[in-house]
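Heads up, the sequence shown is in my numbering, so the first residue is 347 and it goes up one at a time.
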Amino acid sequence: MSAILVALVAALVGIAIYLGARRATVGHSRAIRLLVRGGALSLIGIALAAVFVLTPTLQQAHRGADTETRHDSRLDDEAPAARAPASEQRDAAAPLDAPQIAADPWQVVPVYYGTDREDQPDPKRARYGAERGRRLDLGRAMVTVPKSHLVPQIERPWAIRVPYFDVTIYEEAEDPAKHFTLQTVEKLSEGDFLQRVRERLAASSRYKDHAIVFVHGYNTSFDNALYRTAQISYDLKFDGAAFLYSWPSGGSVASYTYDRESAEASTPYLRQFLEMVIEKTGAKSISIIAHSMGNQPLLDVLRDLRGSGPANVVINEVIFAAPDVDADNFANLAHRIEGIAKGVTLYAAGNDRALIVSRGFWRNPRAGDVMASGPLIVPGIETIDITAASTDTFALNHSGYAENNDLLQDIGKLILSGLRPPDQRLPVLKRTASPKGDYWRYTTP
């Protein structure tokens, strides 16, 4: 896909040149304006034409390479020679789901959601946008995952979009045999919601009576949050109840300040949702994963919930993934939630470009940063530096917790067994001493 990447970069450079040319030629003659601006537009056109020419051939080649290199991530330690064929492993280990035709080339993963997004009219399915609904809605989505799924990707239709301008130039047709899709998304009353969750928990075995709650981060649409929750559930072979809390993110790069305020405004609804999961679903063990900006409302809710849950329900693990929270505020709040869970883990990275930008915006390190002096270390929290989990020059490196096989295995083993310290779960997590205390560092296998 390198040729397409070059073409897209050229298009972006052309756009930047064009915008600069417009500014630079203000007040000049019409001929100069046409010459300079026309040249920039020509560069954009040539680059996009190259994308259209290269797309079909390179896409086919890319799929062929995927077929040859596809492998499955396992939470169990198994000798390679003893493993069944990959297709049989996926069928046998896939999470329990609603009745479906066995011959379907996909599995169905239920995601039970709560959201304070404003719902949008759609006769075919429950749909939610970026506006604030100022109330808690409940529902269930049935997400299809193709049996050809390559862990830990989220296979969606291949598309060419112009960043920042919300313009789609080309998008492949959606196909559940190849892509994550939404089979159904339905809004439910609290009674119907709890009934379906209890049925799911009753059928669980590997993660018996266990729930995971995922709180997404910045720049995440409702549908993409469903796909991410389903991907985590499927890749962990999680047969308990997978919950999503989706707050009203704008779902675009330009919505940062709106997202920050929306995340904070969602706190009372997130608390209402977590209280219901803890007190009414029948789950005996609950683990929570928050990503990026979703960590702030979660910290506020956990502070309020500390000591208020029923005695027979345990918050098993809390995982703070790349928290876009002021490092000092995070440390202060962390002290106030100490003891609320059996274990708390922080995943941080020094090459997380989203947090680097956020740090510059707020002029202070984020809790998910790894500075030259090392990552944030707080008593009662195990910090894991995952900088080495991604070395992709063009990647944001903001979702390593869900986009790296080793880290997914670490999360799965942590939720399943609570084994500590981290190097007991994965040998690639190395204990590292620092003046502030020990932390663990991901090293490439």
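Glycine is no exception: its CB is placed at the ideal position from the N, C-alpha and C atoms.
Item	Value
To which residues does DSSP link G460 through a beta bridge?	L484 and Y591
Quick one: Cα of E610 to Cα of A571, how far?	18 Å
Counting pairs of Cβ atoms below 8 Å between the stretch 523-543 and the stretch 596-603, do you hit three or more?	no
Classify T603 as helix, strand or coil using the three-state DSSP reduction.	helix
At which residue ranges does the stretch 530-565 contain complete alpha helix (DSSP H) runs of 4 or more residues, listed in the order of the chain?	536-548
Would you say A687 lies against chain C (beta-carbon separation less than 8 Å)?	The structure shown contains no chain C; it holds only a single protein chain.
Does the Cβ of T514 have 16 or more other Cβ atoms within 10 Å, making it buried, or fewer, making it exposed?	exposed
For Q755, count neighbouring Cβ atoms within 10 angstroms of its own Cβ and tell me buried if that reaches 16, exposed if not.	buried
Going by other Cβ atoms of all chains shown within 10 Å of its Cβ, with 16 needed for buried, is R546 buried or exposed?	buried
At the level of alpha carbons, what is the spacing between L645 and A680?	8 Å
Check whether the Cβ atoms of Y458 and A588 sit closer than 8 Å, and answer yes or no.	yes
Have a look at I792 and V623 and give me their C-alpha separation to the nearest angstrom.	The question about residue 792 has no answer, for the chain in this structure spans 347 to 791.
Please report the distance separating the alpha-carbon of G475 from that of P594.	7 Å
Do you know offhand how far L760's Cα is from E663's?	8 Å
Would you check if the distance between the CB atom of D731 and the CB atom of R787 is smaller than 8 Å?	yes
For the beta strand (DSSP E) holding S633, just list the boundary residues, first then last.	S631 to H637
For a test of the three-state rule: what should DSSP assign to W452, helix, strand or coil?	strand
Just to check, is the beta-carbon of A677 closer than 7 Å to a non-hydrogen atom of the ligand PLP?	The ligand content of the structure shown is nil, which means the ligand PLP is not present either.
Whose C-beta lies closer than 7 Å to the C-beta of F491 among residues of the same chain, with five residues either side of it excluded?	The amino acid occupying residue 491 in the given sequence is Val; Phe does not appear at that position. Here the set comprises W452, Q453, V455, F526, A576 and Y580.
Confirm, please, whether the CB-CB distance from K533 to D483 is below 8 Å.	yes
In the stretch 660-709, which residue ranges form an unbroken beta strand (DSSP E) of at least 3 residues, counting only runs that do not cross its ends?	660-667 and 689-694
Does T613 come out as helix, strand or coil in the three-state DSSP assignment?	helix
By how many angstroms is the C-alpha of F568 removed from the C-alpha of Y615?	16 Å
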